[in-house]
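First the structure, in the form of structure tokens, and then the observations on it.
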Amino acid sequence: MSSSTDSPTLTTETTQLSPQPDTETAKPTKKITLKSSDNQIFEVEESVAMEFATVKSFFEDSPSSTDIVPLPNVTAKPLSQVIEFCKEQIKFKANPDEAQKKKYNAEFLTEKSDKDLVDMIPVANYLEIKDLLDVLNQAVADRIENKSVEYVRNFFGIDNDFTAEEEAALRREHAWAYEGVDED
Amino acid sequence: MITVRSRLIKEHYKLDLPDEIILAILEKVQDTETLVRCSSASKRFQAFVSKIDSLPLICTQGELSIMLSAALPHSIRISPCPHEDVKCLEVKLCSVPNIARCRANHASMFNAKIDDDQIDVRRTVAIQVGVLTRGFISKLIPIFLAKSNYYFRISQNETELCLDKILLHRPKTLRSVVISCVKDSYPFRGKVFMSRVQLANLMLDQLSKSSHQPLGSQHEDWLEEPENAAYWLKKQHRDREGETLWHIVYESESLHKLTAERDLKELMGDFD
Chain U
1 MSSSTDSPTL
11 TTETTQLSPQ
21 PDTETAKPTK
31 KITLKSSDNQ
41 IFEVEESVAM
51 EFATVKSFFE
61 DSPSSTDIVP
71 LPNVTAKPLS
81 QVIEFCKEQI
91 KFKANPDEAQ
101 KKKYNAEFLT
111 EKSDKDLVDM
121 IPVANYLEIK
131 DLLDVLNQAV
141 ADRIENKSVE
151 YVRNFFGIDN
161 DFTAEEEAAL
171 RREHAWAYEG
181 VDED
Chain E
1 MITVRSRLIK
11 EHYKLDLPDE
21 IILAILEKVQ
31 DTETLVRCSS
41 ASKRFQAFVS
51 KIDSLPLICT
61 QGELSIMLSA
71 ALPHSIRISP
81 CPHEDVKCLE
91 VKLCSVPNIA
101 RCRANHASMF
111 NAKIDDDQID
121 VRRTVAIQVG
131 VLTRGFISKL
141 IPIFLAKSNY
151 YFRISQNETE
161 LCLDKILLHR
171 PKTLRSVVIS
181 CVKDSYPFRG
191 KVFMSRVQLA
201 NLMLDQLSKS
211 SHQPLGSQHE
221 DWLEEPENAA
231 YWLKKQHRDR
241 EGETLWHIVY
251 ESESLHKLTA
261 ERDLKELMGD
271 FD
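So the protein sequences, as listed, match chains U and E. Everything in the first sequence is counted per full-length UniProt numbering, starting at 1 for the first residue and increasing by one. Everything in the second sequence is counted per full-length UniProt numbering, starting at 1 for the first residue and increasing by one.
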């Protein structure tokens with residue numbers, strides 16, 4: 001696991017000046033403050049926060065709000081990773097480069113542990129970031145592909161509620177599906 | 001033989017993902033065997049898998065035969081389906097690469113659309129006929145010059161029988177079956193597809209010219225006309241030499257052109 005993803009993205013970019021040539025006329029970038037359920041404060045650029053449909057509608061409902069946006073059920077670590085991802089996606093939106101985007105997404109996903117990945121899913125779901133949710137779901141699907149039943153159970157933390165007889169019957173019925181499984 | 005896996009993931013954690021998320025994840029699993037295994041993880045997962053109505057299947061011809069024949073005596077249910085509500089079945093047949101070390105020289109696709117009693121079957125076949133070189137098509141496979149019914153002989157194979165079996169014993173909900181048959185997956189630099197007439201014209205043209213002359217620009221335009229059903233899957237216009245030439249045949253004459261093109265792209269997509 002890389003260290004960069006572990007450090008929460010606290011108040012980044014506050015010192016960053018817009019490098020674009022037309023900055024004189026551009027408004028200073030507005031910051032939005034988010035608070036995770038474990039009381040960490042995240043200050044993100046408005047453009048990043050607007051990627052979160054949930055946050056966006058919060059401001060649509062109360063446009064003048066300058067309050068801190070509380071995000072219950074969202075803890076700091078997955079939130080910081082989600083913010084990291086969205087920041088990059090905005091760069092790709094401004095400057096489309098499918099190949100680079102694909103490369104970035106792949107790297108972003110491969111360096112995450114199983115737990116990091118699945119922890120980000122409820123966050124992406126709660127914040128309604130459809131692109132990220134798609135990417136995460138696909139990544140999880142890829143990780144369980146060709147794995148054993150036991151691996152899948154462990155991955156999702158599932159308790160097996162089949163009786164031994166029921167499970168044996170299922171395995172018999174689809175015996176072909178239980179061969180050539182990857183090593184866990 | 002079922003092997004019990006001893007090395008499991010070290011971290012054990014309780015996950016409480018909402019149903020729709022788990023379903024969304026499972027829908028992204030492009031491997032039916034994995035889905036079948038997921039369905040035996042727990043009753044909850046079994047219920048999720050039963051909601052997936054489009055199944056992809058990648059197997060060899062032999063494996064498909066086993067799956068189909070295993071189910072035959074019992075029911076209208078075909079064994080690749082972990083449940084009976086499947087609407088769409090996509091079967092990709094392939095040879096095991098390390099057994100078949102030859103280049104793929106043909107590919108076929110059966111596409112059955114089911115509308116109650118009406119079953120519309122289309123067939124698309126592509127055959128590799130040679131490699132484009134400066135001035136001529138080299139290594140021309142002589143069979144290309146044979147009668148056109150050769151192609152139908154190619155496709156009168158087990159694939160067709162498999163389709164028959166699936167259709168005969170299909171779940172009532174099944175609406176579409178696609179079986180594509182691809183031999184091997186050798187790296188190709190590029191592909192050109194054209195119909196028999198076009199290919200014959202190209203050859204005649206080439207014969208009438210000096211064999212040292214490169215492909216003229218009129219050919220380049222002509223090749224890329226979509227209505228000629230000729231595709232350059234790789235858009236590297238400078239570097240065409242060495243690209244393989246594929247001849248395509250549609251079984252049905254009454255096919256709508258657009259539909260046929262989509263089938264072709266789908267079929268050839270298997271090589272990418």
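Think of the CB as a built atom: it goes at the ideal place given N, C-alpha and C, for glycine as much as any other residue.
Residue i versus chain E: which residues are under 7 Å apart at the beta carbon?
| i | result |
| --- | --- |
| S37 of chain U | Neighbours of S37 of chain U on chain E: none; closest Cβ ~15 Å, over 7 Å. |
| L132 of chain U | Those within 7 Å of L132 of chain U in chain E number zero; the least Cβ separation is about 13 Å. |
| L170 of chain U | S40 |
| V152 of chain U | R37, C38 and A41 |
What does residue i reach in chain E if we use C-beta pairs closer than 8 Å?
| i | result |
| --- | --- |
| D159 of chain U | S42 |
| F52 of chain U | Under the 8 Å cutoff, chain E gives no residues; its nearest Cβ is about 17 Å from F52 of chain U. |
| E128 of chain U | Result: empty, since nearest Cβ-Cβ is about 12 Å, beyond 8 Å. |
| N146 of chain U | D31, E33 and T34 |
Would a check of beta-carbon distances place residue i closer than 8 Å to chain E?
| i | result |
| --- | --- |
| F85 of chain U | no |
| E167 of chain U | yes |
| A106 of chain U | no |
| Q138 of chain U | yes |
| F42 of chain U | no |
| E98 of chain U | no |
| F59 of chain U | no |
| A164 of chain U | no |
| E111 of chain U | no |
Chain U partners of residue i, CB-CB under 7 Å?
| i | result |
| --- | --- |
| F45 of chain E | I158 |
| D85 of chain E | Neighbours of D85 of chain E on chain U: none; closest Cβ ~16 Å, over 7 Å. |
| K28 of chain E | N137, Q138 and A141 |
Contact defined as beta carbons within less than 8 Å: I believe residue i pairs with residue j. What is the distance between those atoms, to the nearest angstrom?
| i | j | result |
| --- | --- | --- |
| D53 of chain E | K87 of chain E | 4 Å |
| V29 of chain E | L35 of chain E | 6 Å |
| I166 of chain E | V177 of chain E | 6 Å |
| M120 of chain U | P78 of chain U | 5 Å |
| P56 of chain E | E90 of chain E | 5 Å |
| S108 of chain E | C181 of chain E | 5 Å |
| R112 of chain E | L163 of chain E | Reading off the sequence shown, one finds Ala at residue 112 of chain E, where the question assumed Arg. Right, their Cβ atoms sit about 6 Å apart. |
| V181 of chain U | S40 of chain E | In fact, because the Cβ distance is near 12 Å, the residues do not count as touching under 8 Å. |
| A141 of chain U | I25 of chain E | 5 Å |
| S42 of chain E | D161 of chain U | 5 Å |
Please confirm if residue i has its CB atom under 8 Å from at least one CB of chain U.
| i | result |
| --- | --- |
| Y186 of chain E | With a pLDDT of only 44 at Y186 of chain E, under 50, the local geometry of the prediction cannot be trusted, and the value read off the model is given with reservation. By this cut-off, Y186 of chain E is not an interface position. |
| L17 of chain E | yes |
| D117 of chain E | no |
| K165 of chain E | no |
| E90 of chain E | no |
| A230 of chain E | For A230 of chain E, the predicted model reports a pLDDT of 42, less than 50, meaning its position is unreliable; a value from the coordinates is still stated below. It does not; no Cβ of chain U falls within 8 Å. |
| R170 of chain E | no |
| I25 of chain E | yes |
| R37 of chain E | yes |
| I21 of chain E | yes |
| H219 of chain E | Since pLDDT at H219 of chain E reaches only 47, below the 50 mark, its modelled position is unreliable, and no value is offered. |
What residues of chain U sit near residue i, judged by a beta carbon separation below 9 Å?
| i | result |
| --- | --- |
| I58 of chain E | Result: empty, since nearest Cβ-Cβ is about 11 Å, beyond 9 Å. |
Just to make sure I have the definition right: I need the residues of chain U whose C-beta is within less than 8 Å of the C-beta of residue i. Which are they?
| i | result |
| --- | --- |
| E63 of chain E | W176 |
Name the chain E residues that come within less than 9 Å of residue i, Cβ to Cβ?
| i | result |
| --- | --- |
| V123 of chain U | Ordered by position in chain E, no residue passes the 9 Å Cβ test against V123 of chain U, which lies about 11 Å from the chain. |
Can you pull the chain B residues whose beta carbon is under 7 Å from the beta carbon of residue i, in chain order?
| i | result |
| --- | --- |
| V149 of chain U | Within the model displayed, chain B is absent; protein chains U and E are what it includes. |
Original post:
With a cut-off of 8 Å, do at least 3 Cβ pairs link the segment 168-181 of chain U to the segment 97-111 of chain U?
Top reply: no
Original post:
If you scan the segment 88-170 of chain U from start to end, which runs of the beta strand (DSSP E) of 3 or more residues do you find wholly inside it?
Top reply: none
Original post:
Any contact of the segment 79-89 of chain U with the segment 35-45 of chain U, i.e. 3+ C-beta pairs under 8 Å?
Top reply: yes
Subject >> Inter-stretch contact (C-beta, 8 Å, three-pair minimum) for the segment 54-63 of chain U and the segment 87-99 of chain U >> reply: no
**OP:** Pick out the complete alpha helix (DSSP H) segments inside the UniProt domain "SKP1 component POZ" (30-88) of chain U, 4 residues or longer, and give them in chain order.
**Re:** 46-49 and 53-61
Subject >> 4 or more residues per run - each alpha helix (DSSP H) lying fully within the segment 16-53 of chain E >> reply: 19-27, 32-39 and 43-49
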